[in-house]
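Residue numbers (numbering that gives the first Met the number 0), protein chains in the order written: chain D, 0 to 208; chain U, 0 to 660; chain A, 0 to 303. Comments concern the structure below.
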Amino acid sequence: MLNLFITLFAITLFYFSISERFRTYSVLIAVQGILLFGLAFLELKQVNIANFIFIAAETLVFKTFIVPVLLYRIISRTGVYKVHTRAFPSFYILIFTMVGLLVSIILSNVLHAPNVDSVYLAIALFTLFTGVILIVTHKRIFSHMVGFLVIENAVFMFSLAVGSEMPILINVAILLDIFVSVLIIGVMINRVGEHYSDLESENLTRLKH
Amino acid sequence: MISQFFFIFIAALLVFFIPSRWKGAYTALILTSGILITSIPAIRILATAGALVPAGEWLFSGALPAISIDRLAGFFILIINLTSLTSIFYALGYLRPYSPRINPMRFSIHYFSYFWLWASMILLTVIRDGYAFLVVWEFMTLSSFLLVVFEGDERKTLKTGINYLIQMHIGLLFLMVGFLITGDQAGRTGFDSLSVYFGNHDNLPVFILFFIGFGIKAGFIPIHTWLPQAHPAAPSHVSGLMSGVMIKMGIFGILRVLSAVQSDLLTIGLIILGISLVSGVIGVMMAIVQHDLKRLLAYHSIENIGIIGIGIGLGVIGLAVGNPVMQVLGFTGGLLHVLNHSLFKSVLFFSAGSVYTSTHTRNIESFGGLIKRMPYTAILFLIGSLAICGLPPFNGFISEYLIFSGLFKSLAGLNLYMSIVILSGIIGLALIGGLALFCFTKAFGMVFLGEPRSEAAAKAHEVRPVMLIPQLLSVAAILLIGLAPVLFVRPVMGIAGEVFNFQVPEEISSPVLSNLGSISIIAGIFIALAAGLWVIRKAVTRNRQITMGPTWGCGFTAGDERQQYTASSFADNFAMLANPLLRIKKESDGIEETELFPRQRKFKTHSVDVIKRYLYDIPSDWFLSVLKKIAVMQTGQIQHYILYAFVFMILVFVLTFFNLI
Amino acid sequence: MIQIGLILLAALFFPGIILRTKSIVSGRRGPGILQPLKDIGVLFRKGSVISQTTSWIFQAAPVIGLAAIMTSLLVIPFANFKALLPFEADFVFFAYLMAIGKFFMIIGALDTGSSFEGMGANREALFSMLVEPAFLILMGTFAMLTGYTSFSAIFSAFHMDGNPYAFIYGLISFYLLVQIAMIENSRMPVDDPKTHLELTMIHEVMILDYSGFDKALIHLATYVKFAVYGSLICSSLVPAGWNTALQAGLFFIIQMVFAIIIGLAESFRGRNKMFRNSQFILTLSAIALLAFVVVLILTQKLIN
Numbered sequence: 000m001l002n003l004f005i006t007l008f009a010i011t012l013f014y015f016s017i018s019e020r021f022r023t024y025s026v027l028i029a030v031q032g033i034l035l036f037g038l039a040f041l042e043l044k045q046v047n048i049a050n051f052i053f054i055a056a057e058t059l060v061f062k063t064f065i066v067p068v069l070l071y072r073i074i075s076r077t078g079v080y081k082v083h084t085r086a087f088p089s090f091y092i093l094i095f096t097m098v099g100l101l102v103s104i105i106l107s108n109v110l111h112a113p114n115v116d117s118v119y120l121a122i123a124l125f126t127l128f129t130g131v132i133l134i135v136t137h138k139r140i141f142s143h144m145v146g147f148l149v150i151e152n153a154v155f156m157f158s159l160a161v162g163s164e165m166p167i168l169i170n171v172a173i174l175l176d177i178f179v180s181v182l183i184i185g186v187m188i189n190r191v192g193e194h195y196s197d198l199e200s201e202n203l204t205r206l207k208h
Numbered sequence: 000m001i002s003q004f005f006f007i008f009i010a011a012l013l014v015f016f017i018p019s020r021w022k023g024a025y026t027a028l029i030l031t032s033g034i035l036i037t038s039i040p041a042i043r044i045l046a047t048a049g050a051l052v053p054a055g056e057w058l059f060s061g062a063l064p065a066i067s068i069d070r071l072a073g074f075f076i077l078i079i080n081l082t083s084l085t086s087i088f089y090a091l092g093y094l095r096p097y098s099p100r101i102n103p104m105r106f107s108i109h110y111f112s113y114f115w116l117w118a119s120m121i122l123l124t125v126i127r128d129g130y131a132f133l134v135v136w137e138f139m140t141l142s143s144f145l146l147v148v149f150e151g152d153e154r155k156t157l158k159t160g161i162n163y164l165i166q167m168h169i170g171l172l173f174l175m176v177g178f179l180i181t182g183d184q185a186g187r188t189g190f191d192s193l194s195v196y197f198g199n200h201d202n203l204p205v206f207i208l209f210f211i212g213f214g215i216k217a218g219f220i221p222i223h224t225w226l227p228q229a230h231p232a233a234p235s236h237v238s239g240l241m242s243g244v245m246i247k248m249g250i251f252g253i254l255r256v257l258s259a260v261q262s263d264l265l266t267i268g269l270i271i272l273g274i275s276l277v278s279g280v281i282g283v284m285m286a287i288v289q290h291d292l293k294r295l296l297a298y299h300s301i302e303n304i305g306i307i308g309i310g311i312g313l314g315v316i317g318l319a320v321g322n323p324v325m326q327v328l329g330f331t332g333g334l335l336h337v338l339n340h341s342l343f344k345s346v347l348f349f350s351a352g353s354v355y356t357s358t359h360t361r362n363i364e365s366f367g368g369l370i371k372r373m374p375y376t377a378i379l380f381l382i383g384s385l386a387i388c389g390l391p392p393f394n395g396f397i398s399e400y401l402i403f404s405g406l407f408k409s410l411a412g413l414n415l416y417m418s419i420v421i422l423s424g425i426i427g428l429a430l431i432g433g434l435a436l437f438c439f440t441k442a443f444g445m446v447f448l449g450e451p452r453s454e455a456a457a458k459a460h461e462v463r464p465v466m467l468i469p470q471l472l473s474v475a476a477i478l479l480i481g482l483a484p485v486l487f488v489r490p491v492m493g494i495a496g497e498v499f500n501f502q503v504p505e506e507i508s509s510p511v512l513s514n515l516g517s518i519s520i521i522a523g524i525f526i527a528l529a530a531g532l533w534v535i536r537k538a539v540t541r542n543r544q545i546t547m548g549p550t551w552g553c554g555f556t557a558g559d560e561r562q563q564y565t566a567s568s569f570a571d572n573f574a575m576l577a578n579p580l581l582r583i584k585k586e587s588d589g590i591e592e593t594e595l596f597p598r599q600r601k602f603k604t605h606s607v608d609v610i611k612r613y614l615y616d617i618p619s620d621w622f623l624s625v626l627k628k629i630a631v632m633q634t635g636q637i638q639h640y641i642l643y644a645f646v647f648m649i650l651v652f653v654l655t656f657f658n659l660i
Numbered sequence: 000m001i002q003i004g005l006i007l008l009a010a011l012f013f014p015g016i017i018l019r020t021k022s023i024v025s026g027r028r029g030p031g032i033l034q035p036l037k038d039i040g041v042l043f044r045k046g047s048v049i050s051q052t053t054s055w056i057f058q059a060a061p062v063i064g065l066a067a068i069m070t071s072l073l074v075i076p077f078a079n080f081k082a083l084l085p086f087e088a089d090f091v092f093f094a095y096l097m098a099i100g101k102f103f104m105i106i107g108a109l110d111t112g113s114s115f116e117g118m119g120a121n122r123e124a125l126f127s128m129l130v131e132p133a134f135l136i137l138m139g140t141f142a143m144l145t146g147y148t149s150f151s152a153i154f155s156a157f158h159m160d161g162n163p164y165a166f167i168y169g170l171i172s173f174y175l176l177v178q179i180a181m182i183e184n185s186r187m188p189v190d191d192p193k194t195h196l197e198l199t200m201i202h203e204v205m206i207l208d209y210s211g212f213d214k215a216l217i218h219l220a221t222y223v224k225f226a227v228y229g230s231l232i233c234s235s236l237v238p239a240g241w242n243t244a245l246q247a248g249l250f251f252i253i254q255m256v257f258a259i260i261i262g263l264a265e266s267f268r269g270r271n272k273m274f275r276n277s278q279f280i281l282t283l284s285a286i287a288l289l290a291f292v293v294v295l296i297l298t299q300k301l302i303n
């Protein structure tokens, strides 16, 4: 079961590099939320009820429902549906993602530490790389935000890799990050989106002048 | 043996005195006799089966530098001889149209340099002493330079030749430094003192020196930039010879150095494998977008050197991790590919030369339909294309198969990092195969098939038999290796073993040979099936009505040859995918909206060799601009130069005063 | 020997089942299952029109294509029986045999001097280049897992034991094999065999100028190719230790299910935009890489 979740998680990461619509991104974030809940449920051994409810709330409620719904709202409000302005072969993004998978496997093997689960570490690194690739190679801010969310998932995975319990502190930090990012970008997109319908980050840098 | 060699050298000098009509035939005669003389010891050394032959046969020792033939040298001698033989006879026909235009002295120089190229390559394989090796290496460079600038009245050819000369001398510099560092106490340098040096010092830096020196000759990326310019500029028989054997001399040198290396094997193997993968993939990617037929073939030489390097790198990694399967299969595949490549590349270059002779252009966009006008050249080019793509039942498949099986068989036992390295090797080799298929369907299809795209192509006619018959020899070898690989792989395995001082164990060699036996049988069945189906087809369709008609034009009656796919359009979808690497520039005039009946327009595509541009052109342009600014100091007036000398003296005085010098 | 007979038998029914499935899904009754065979029979009896632009290559291409496919039957195993002539790394030979068939089809298409065929040849060359690494990475994962490198040895040693990763790997390799089979046979979503617009065709447009006997040979080659890939899929799904008669029965059932899957996929999926095709095929290599990572875990190289 565990292995299925991990493999499905990796497949969603590949899907990020090839999807063309932002709606797919929201669906993928939701799927990742469910998978993370499943992983947390199966992995964390020493949890008390309060901690467990907190994690369930965070992954299931927040990541699987609230964040995707928010994303959907932003998409329909600003009318930005497609990931790339022009038809763009995501060939190279896929190649980078493949290289990222290999690099994360090698890194996880190099960083082999006694109480760290190698597979989780590898997948967490891969998630991190995918998030960074999303931010670096895409031009629209929406993709940057989704990349940020993916990196948050990577942090979640890291904490799963390291131990069999998850301190409240880490969860609160992750939650705060997600909350703030969605809020800021949502507000900014709503306001800025009224003026610039394209939402390319180059247009944003011109805002300074 | 040496005295006979000396005789031939004197005989070669006489070519200056032979009347022009007979110069070519005379050179062919002396070359053939030289080939016969040198092949005999080579075959003798290869035929000694069984245990390793340590120091080889001493041809001459004493005052002249040490010469010895071992089996690697014998193998390379046979490769050099075969291609030189086919090339000189091809040249007899190729150079005939030039005789009115070019004066006899140039021809004499050309033939003399041709002889010297062959002689220097043979000598290189047998010399063990460092200085003598470098001297003969220089002879090889000079003679090939003279051959390349044969049509030197065009400025471009001369410029390309000088570019080639300079790059070869840079390589020579690296080799010289390498040999000097590894010289022993008595000041003797050479391959024997290499082993002594490698036993006591760090292997990696000196190996890199030698690798760069030999790699410039071989054509590894990023030190390959002379290759795509020199091969099209040279006449076709020279291109075939250079691409077929001369660049293999670089591989030969690397193999000699590798046989002396004793430590750092894993790093060295990874470096060779990495550079070869890059050379193979990028080489063939660049080949796809070329317009010049011979430049396309030159980039394919880079790709095949990459394949040879993958085999050698695999073997070295096998040595490093102690995996005998990888060792044997990698080295055998690499060495066999040296032979295979010389065979099919020479056929391809000669056929391209025949096409050039008939049509006087090398631009792929202006060919088409040549299969009806030059049917034999077409068949030769087809066989060369099938072989270079590594398709069964030809020889290219056998060497690629050996390297692939080495890669796959070693996947199971290794640790994580090695598995990922092997996987990248597999991906790289698979990509190279697929890209080569793309490129050669384009090359063969655009040049020979369809309708002629220009007047020149429509008026082409078949070349004289003297240009076709030598290629038959190579084709026969191609088919023989493809259909009966066991005959060739067994000796090559022995050679691989001898070079690296290991005995090929029976439990590795016999499965390989039995696999190759199965391949022979299946290849035979394939050919039999194809022939049988062809016969059935002929029999059945004899009673059917067959009519000839125009190609289906989907209802368009005004179709003509301009509606065909051109080479650029064929390569276009790939070029779009690989654009960051290829940087294709397209130039065309747009069509105005008000222009209802568009007039004739021009369209140009141009691909840039990205590595050449960013590694060579841009830094050298920057450097030149900096130098131009400093050139202000060269005023030409002697007072200023005396002032400079005076300033220098003061500077030295001051620095000595402060104890800085 | 027996597998050649089984594969040829399956090849006879395969296209008919696909056609029938598509018709039933569209609400029609559809032609009989043996209809494609009857079409080939008709083609054998017809004469042909050959273009003046072409040369002997145009006529030789279907012959070589069919010969290549038939020769590849020699290395395909079945159940407990090894292939007729197995040898190590024979899947490399298999891949290159398919490649020589493709080479000749491509130059046969270029021979006609038509822009349509040139377009199809171009696309076919690009897509077959992209699918090659996916196939070889997949076979590499098989080789790494089982320690053997020949089709026969791999499939007799491969079985999904209780390890959950093995089950995942089986799923991924099944998916990959199905997709590679569909791409190699020019099916959706890479190529639509039923389109009538030459601009949107890949394989169909390469054979536009063929008629009569040659066309029959090409169709035969396509059907046998389907059955060959179907038998590979069957070998990967069914463990080799079972009863031979049971295996033969399962063979036909799996071939039929495979044909129905293709029919369903063709009915419900549209063809990719042509330029998204290259990315789609590259995704297969990415998934093969994932399979490689799973096998790394399985063989305990990625220490858990």
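All C-beta atoms in this analysis are idealised placements derived from N, C-alpha and C, irrespective of residue type, glycine included. Note that the structure is a prediction, hence the values are computed from the model and not measured.
query: Can you name the start and end residues of the beta strand (DSSP E) that F699(U) belongs to?
result: The displayed coordinates of chain U run from 0 to 660. Any statement about residue 699(U) would go beyond what the structure contains.
task: Please classify Q638(U): is it buried, with 16 or more other beta-carbons within 10 angstroms of its beta-carbon, or exposed?
output: It counts as exposed.
field: Contiguous beta strand (DSSP E) assignments of at least 3 residues, all confined to the segment 191-255 of chain U
entry: List check, beta strand (DSSP E) in window: nothing returned.
query: Does the beta carbon of L415(U) sit closer than 7 Å to a beta carbon anywhere in chain D?
result: For L415(U), the closest Cβ of chain D is nearer than 7 Å.
Run of the beta strand (DSSP E) containing E674(U), from where it starts to where it stops: In the structure as shown, chain U starts at 0 and stops at 660, and residue 674(U) therefore has no counterpart that could be examined.
- request: Check distances from the C-beta atoms of the segment 285-299 of chain A to those of chain D and list, in chain order, the residues that come in under 8 Å.
  value: For the segment 285-299 of chain A, which is checked against every Cβ of chain D, the residues closer than 8 Å are A285, I286, L288, L289, V292, V293, L295 and I296.
- request: Compile a chain-ordered list of the residues in the segment 259-283 of chain A whose CB is closer than 9 Å to at least one CB of chain D.
  value: Flagged, chain order: K272, F274, R275, S277, Q278, F279, L281 and T282.
Nearest to M175(U) (by Cα), restricted to the options V148(U), G129(U) and L141(U): Here the closest residue by C-alpha is G129(U).
Per-residue contacts from I419(U) into chain D (C-beta, under 8 Å): Under the 8 Å cutoff, chain D gives L101, I104 and I105.
message: Suppose the cutoff is 6 Å on Cβ atoms and the five residues either side in sequence are ignored; what does the same chain contact list for L51(U) look like?
response: Any reading at L51(U) is ruled out, since the residue's pLDDT is 37, under 50, leaving its predicted position unreliable.
message: Quick check: the segment 407-414 of chain U against the segment 312-324 of chain U, are at least 3 beta-carbon pairs closer than 8 Å?
response: Judged by Cβ distances under 8 Å, the segment 312-324 of chain U makes contact with the segment 407-414 of chain U, as three or more pairs qualify.
- prompt: Enumerated in chain order, which unbroken segments of the alpha helix (DSSP H) with a length of 4 residues or greater are wholly contained in the segment 149-182 of chain A?
  reply: Whole alpha helix (DSSP H) segments, 4+ residues: 150-156.
- prompt: Can you tell which of F147(D), Y91(D), E42(D) and G185(D) has the C-alpha that lies nearest to the C-alpha of S158(D)?
  reply: Sorting F147(D), Y91(D), E42(D) and G185(D) by C-alpha distance to the C-alpha of S158(D) places E42(D) at the top.
query: For the segment 258-275 of chain U against the segment 86-99 of chain U, are there 3 or more C-beta pairs whose distance is under 8 Å?
result: The answer is no - the segment 86-99 of chain U does not touch the segment 258-275 of chain U, with fewer than three Cβ pairs under 8 Å.
task: At 4 residues or longer, and completely inside the segment 87-141 of chain D: list those alpha helix (DSSP H) runs for me, N to C.
output: Runs of the alpha helix (DSSP H) inside the segment 87-141 of chain D: 90-109 and 117-136.
- request: Under 8 Å between beta-carbons, which chain A residues line up against M156(D)? List them in chain order, please.
  value: In chain order: nothing, as chain A lies at least about 15 Å away.
field: Own chain, CB closer than 6 Å to F219(U), minus 5 neighbours either side, in chain order
entry: Closer than 6 Å at the Cβ level, and outside the excluded window around F219(U), lie I274 and S278.
- prompt: K458(U) by DSSP, collapsed to three states: which one?
  reply: The three-state reading of DSSP puts K458(U) in coil, since its state is none of H, G, I, E or B.
message: If you reduce the DSSP assignment to three classes, tell me which class K81(D) lands in.
response: It is a strand residue.
message: If you reduce the DSSP assignment to three classes, tell me which class G189(U) lands in.
response: When DSSP states are grouped into helix, strand and coil, G189(U) belongs to the strand group.
field: Short Cβ contact (7 Å threshold) for A11(U) with F114(U)
entry: Their beta carbons are under 7 Å apart, which means A11(U) touches F114(U) by this criterion.
- prompt: So what does DSSP say about F77(A), is it helix, strand or coil?
  reply: If DSSP states are grouped into helix, strand and coil, F77(A) belongs with the strands.
task: May I ask you to list the residues that DSSP assigns as paired with V48(A)?
output: According to DSSP, V48(A) bridges with T546(U).
query: With 16 other CB atoms within 10 Å as the buried threshold, where does R452(U) fall?
result: R452(U) should be labelled buried.
message: Suppose you measure from the CA of I280(A) to the CA of S384(U); what does that come to, to the nearest Å?
response: Cα-Cα distance, rounded: 26 Å.
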